[in-house]
Amino acid sequence: MFAQSLPRQSRPLFGLGICVLFAAACGGGAEPEPASEPTEVVTTEITAPTEPAAAEPREKVPEDIDAILGDPLVVGGETVSREQIKRCVVVGATGRSVLESAKLQVFIDEEVQRRIDEGQDATEFEITDAAVADAIQTADKMVEEEYAGNDEVNKATDLFYMPQGMYMDQVRQTQLFDKVFLPEDPNDYPPTTVAALNSQAEDFVQRLIEGHELRMQMREEKAEEVDTKRAELETAKAEAGEDAEKLAAVEAMTTALAVAEKELADLHNDQGQLLFRQLMRQLVISALNRSADVKTHADGLPSDVAMEVNGRQIMTDDIWRAIRYKVTEEDVHDAKLWFAKTLVIRQGLEASGHYMTDEEFEQSYFEHTDPYKDSPFSIPAVAVSFKKFPSEDAYKEHYRLAESYKKMIESEITDESLAAHNETRTKNLLGLAKVDVEIILISAYDFKKSAFQPNGWEEAKKRAVNVMQRLADGDPWNQVLEECSEFYEPPLGKSSQNMAQQFAKNKGRFGQLNRNELLQKIGESDFSLFLTGQSLTDTIFFDLEIGVPSQPLKGPHGYYVCLVKGRTSPATQISLEGTHRNLVEQDYLAVRMNEYARQRLDEANVQGL
Numbered sequence: 002m003f004a005q006s007l008p009r010q011s012r013p014l015f016g017l018g019i020c021v022l023f024a025a026a027c028g029g030g031a032e033p034e035p036a037s038e039p040t041e042v043v044t045t046e047i048t049a050p051t052e053p054a055a056a057e058p059r060e061k062v063p064e065d066i067d068a069i070l071g072d073p074l075v076v077g078g079e080t081v082s083r084e085q086i087k088r089c090v091v092v093g094a095t096g097r098s099v100l101e102s103a104k105l106q107v108f109i110d111e112e113v114q115r116r117i118d119e120g121q122d123a124t125e126f127e128i129t130d131a132a133v134a135d136a137i138q139t140a141d142k143m144v145e146e147e148y149a150g151n152d153e154v155n156k157a158t159d160l161f162y163m164p165q166g167m168y169m170d171q172v173r174q175t176q177l178f179d180k181v182f183l184p185e186d187p188n189d190y191p192p193t194t195v196a197a198l199n200s201q202a203e204d205f206v207q208r209l210i211e212g213h214e215l216r217m218q219m220r221e222e223k224a225e226e227v228d229t230k231r232a233e234l235e236t237a238k239a240e241a242g243e244d245a246e247k248l249a250a251v252e253a254m255t256t257a258l259a260v261a262e263k264e265l266a267d268l269h270n271d272q273g274q275l276l277f278r279q280l281m282r283q284l285v286i287s288a289l290n291r292s293a294d295v296k297t298h299a300d301g302l303p304s305d306v307a308m309e310v311n312g313r314q315i316m317t318d319d320i321w322r323a324i325r326y327k328v329t330e331e332d333v334h335d336a337k338l339w340f341a342k343t344l345v346i347r348q349g350l351e352a353s354g355h356y357m358t359d360e361e362f363e364q365s366y367f368e369h370t371d372p373y374k375d376s377p378f379s380i381p382a383v384a385v386s387f388k389k390f391p392s393e394d395a396y397k398e399h400y401r402l403a404e405s406y407k408k409m410i411e412s413e414i415t416d417e418s419l420a421a422h423n424e425t426r427t428k429n430l431l432g433l434a435k436v437d438v439e440i441i442l443i444s445a446y447d448f449k450k451s452a453f454q455p456n457g458w459e460e461a462k463k464r465a466v467n468v469m470q471r472l473a474d475g476d477p478w479n480q481v482l483e484e485c486s487e488f489y490e491p492p493l494g495k496s497s498q499n500m501a502q503q504f505a506k507n508k509g510r511f512g513q514l515n516r517n518e519l520l521q522k523i524g525e526s527d528f529s530l531f532l533t534g535q536s537l538t539d540t541i542f543f544d545l546e547i548g549v550p551s552q553p554l555k556g557p558h559g560y561y562v563c564l565v566k567g568r569t570s571p572a573t574q575i576s577l578e579g580t581h582r583n584l585v586e587q588d589y590l591a592v593r594m595n596e597y598a599r600q601r602l603d604e605a606n607v608q609g610l
C-alpha cells in the first residue's frame, strides 16, 4: 500500500503553536472538508424540529482508545488490520498536525544535541513556564487587537480548538524552535538556518544582521530618550509647585513621555517583525524537510510506526493517543473506505494484468512530477493544497491506480468517446459554464471544533425533514433559508476584512458560480469525489431542475436543500485540440474510474466497512 489517509481536512495547526496563532489571527481558521456520500435523500417522516446535540468536550477520551476502530476490514480476501486502520487515521488529515510536530521535534532534538556535543550547556535550551505564558499573552493580545469588537473572539484559542495541554506543548515547541534555529541576534544563527535563508538571496542573513543592529541601535536610542524624558519630568514635577505655567509644561512633558514609551514598546513588539519571523520559520522548516531522510508506510514501515525521520521512529500509538480526543466514527469509516476503494481497484487491475509494476510506476511518477519539482506549484503541493489529498503518498497511490486503469481501457479512449464526454460534461466544466444556486445547509458538523456533532447526522436529518415540511406548507424560500441555513462564517480579523466577500457563504446564497467555485464553496475536492464516488456539486451543476427545491441531499457537512435558479452556457468553446484534449481525457478517466470503483466495491466481498 502506498497511502493510508483521511479525507477530512482539520483546521491547520502547522506543528508550531505560535505560527498557528499568527496564521489564525491574520486570516481566521481554515474550513474542514469531510467526505460523505453526497446523493443520499432524506425520506424519514415529518417530526418536530430538534436542536443540535451539544458537542462533548473533544479532549474526553474513552478508556478503550482503540474500540472506535471496530472490526478489521476484509476486502476480497485481503485483511486490513486495526493497526493499519489506526495508522491511516494518524498519518491522514486528522493526525497530520501532530505528526508534523513530532517530525519537527526530531529536527530540534538533533540540533540541540549537536550544540551540546560542541560544548553548549543543555540548560540553555530549557523553556520556562514564564516564557510560555508570555508567548500566549502576546498571541492573545494580537488576537484581541485583530478581532476588536467581535464578542466571540477574545483570545487565540477562540479561533481553534485544542486541549489546553496540547496547546501549551505547541507554544513551548515554538519557543524552543526559535531558541535553537532563530535566536534574536542573526549572528547566532546555526548553519542550517543560514543556509536555508541564504538560499532565498545570497546576502539574506547579512541583511538581517544589519537590520537587527539598526533595530538595537534604535531601541537603545529610544530607551535613552525615555530615560531622559522621565528624569526631566520628575524634575519638572518637583519644581512646578502651584505655578500654572510650569504645570502646563508638566502636562506636555507627560504626554511626550507617553508617546516615547509607546514608540519604545513598538520597537520591542513590532507585529511586522513577528509575522516576518513566522515566514522565516517556514523557510527553515522547509529546508529541514528537504534535507531529511523521511520514511513512511510507502517505504515499508510496519503499521506500528507512523514515520521515520533521520533514523528515528515516530510510533503510531504515540500520535494516536495525542489525537484520539478528536477522532470520530466518520474518520474511521473514511479510512476504511479508502482502503476498500483502493484495494478493489488494485485487485481488479491485477486480475486483468494491467496494474503497474513498481518500476513502471516509479518511472511514470518521476516523469509526471519532475518538470514541476522546483515550482511552488509542484505536483505534491497541488495534490495536497488544491486536490485535497491528505498526503503525497495518498496521491501517489491514486495516480498509480489511475494510470494502470488508463492502460486497461486504452482502446476505449477514442476521439468519439472523448467528444461525447466533452459534449455532455467537460465543455461546461472547462468552458466555465455557471449555475445560479441557493442552498440551505442543515449541518451535522461542528465547524468551530472541526468534528461531527454527537448524533449529528440523525439530528440533521430530523431538521432537514422539518425544512421540507415548511417549504411544502408554503413558507417562502428566502425565509426558510434565512432561518434554517447553517453555513458557517469563520471570524475574520481586521487585516482580512477585504477578503470577507470572497469567502462569505451568505447563508448559502451563492449566486452564479462555475463548477470549481461551487466545489470549493460546498467543501468537496478531487479526493472526496474519488472516496465517495459521487458529487453533490455535479448533481447541482448538471442534474437538478431549475426553480424547484431539491430533496435534502447528503453532502460533506450535512444535508443540503438546493434551489437552482438558472444556468449559463459555457463562456469558451472546448475542442479536442491542444491541451484541451488532455484535460477532457483526464476528466473522462476520473469519471470512468470512479464508476469502476463503485461497481467493484458493490460486487466485492467486503467485511468490516
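Residues in the sequence shown are numbered consecutively from 2, following this note's numbering.
We treat Cβ as the ideally placed atom computed from N, Cα and C, and that holds for glycine.
The distance from the Cβ of Leu433 to that of Pro550 is about 26 Å, inconsistent with a contact at the 8 Å cut-off. In this chain, Phe511 is not harboured by any alpha helix (DSSP H); it is covered by the beta strand (DSSP E) spanning Arg510 to Asn515.
Burial is judged here by how many other beta carbons sit within 10 angstroms of a residue's own beta carbon; Asp152 has fewer than 16 and is exposed. With fewer than 16 other Cβ atoms from the protein chains shown falling within 10 Å of its own Cβ, Asp244 counts as exposed.
Closest in alpha carbon position to Tyr406, among Glu596, Ser98 and Pro477, is Glu596. Inter-segment contact for the segment 155-166 and the segment 84-93 is absent: fewer than three beta-carbon pairs are separated by less than 8 Å.
Under the three-state reduction of DSSP, Leu350 is assigned to helix. Here Val107 is actually not in contact with Val181; their C-beta atoms are around 12 Å apart, not less than 8 Å. The DSSP assignment places complete beta strand (DSSP E) segments of no fewer than 3 residues inside the segment 262-335 at 306-310 and 313-316, in order along the chain. For Gly212, the uninterrupted alpha helix (DSSP H) segment begins and ends at Phe205 to Ala241.
As DSSP reads the structure, Ala452 sits in a beta bridge with Asp447. Straight across, the Cα-Cα distance linking Pro381 with Phe543 is about 30 Å. One Cα belongs to Thr317, the other to Thr538, and the distance between them is close to 35 Å.
Listed in chain order, the non-local C-beta contacts of Ser287 below 8 Å within the same chain comprise Ala197, local neighbours out to five positions each way being set aside. If you ignore the 5 residues before and after Glu262, its C-beta comes within less than 7 Å of the C-beta of Val227, all in its own chain and listed in chain order. Apart from sequence neighbours up to five positions away, the residues of its chain that approach Gly77 with a beta-carbon distance below 7 Å are Leu344, Val345, Gln348, Ala605 and Asn606, ordered along the chain. Arg516 places its beta carbon 8 Å or farther from that of Asn583. Leu234 sits close to Val251, with the two beta carbons spaced by under 8 Å. His369 places its beta carbon 8 Å or farther from that of Lys408.
In this chain, Arg426 is not harboured by any beta strand (DSSP E), its DSSP state being neither H nor E. For Thr425, the closest of Tyr326, Phe453, Gln521 and Val585 by C-alpha to C-alpha distance is Val585. Scanning its chain for C-beta atoms nearer than 6 Å, with the 5 sequence neighbours on each side dropped, one finds around Leu402 the residues Ile346, in chain order. Annotation for Met169: Val133 place their beta carbon closer than 7 Å to its own, counting only its chain and skipping 5 residues before and after.
Contact annotation: Pro492 and Tyr162 have beta-carbon atoms that are not nearer than 8 Å. In this structure, Ala131 and Val172 do not form a Cβ contact; the two beta carbons are roughly 12 Å apart against a cut-off of 8 Å.
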